[in-house]
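Heads up: the structure comes next, in structure tokens.
Numbering (the numbering used here), first residue to last: 2 to 100.
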């Protein structure tokens, strides 16, 4: 039997894969199954930061709609919007904030 932390880790890894692939249906399903919207990958990014770095605006909006925190920084202090700006993804400036 797999321990609950291993199950959570696997769900979160699948969430990051689905975000990188832009698979919104899979992201929704994984969040419904218990994947953590604020989880971090091995380099400290959240799913939202990953979407912003890849220029996936619709994915980023969906993650925000599911409760992703636009102010949650990575381990270097980079927020999702800052990550998008660093990578030249200007359309992220119009993303809603968690206000």
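For each residue, glycine too, the CB sits at the ideal point set by N, CA and C. Owing to the predicted nature of the structure, the values given are computational and were not obtained by experimental measurement.
For residue 40, the three-state secondary structure derived from DSSP is coil.
Here DSSP, grouped into helix, strand and coil, assigns residue 69 to coil.
Using a Cβ distance threshold of 7 Å, residue 75 and residue 50 count as a contacting pair. Boundaries of the alpha helix (DSSP H) harbouring residue 13: 5-22, taken from the DSSP string. DSSP places residue 84 in the helix class (H, G or I) of the three-state scheme.
If you look at residue 28, you'll find it in the alpha helix (DSSP H) that goes 25-33.
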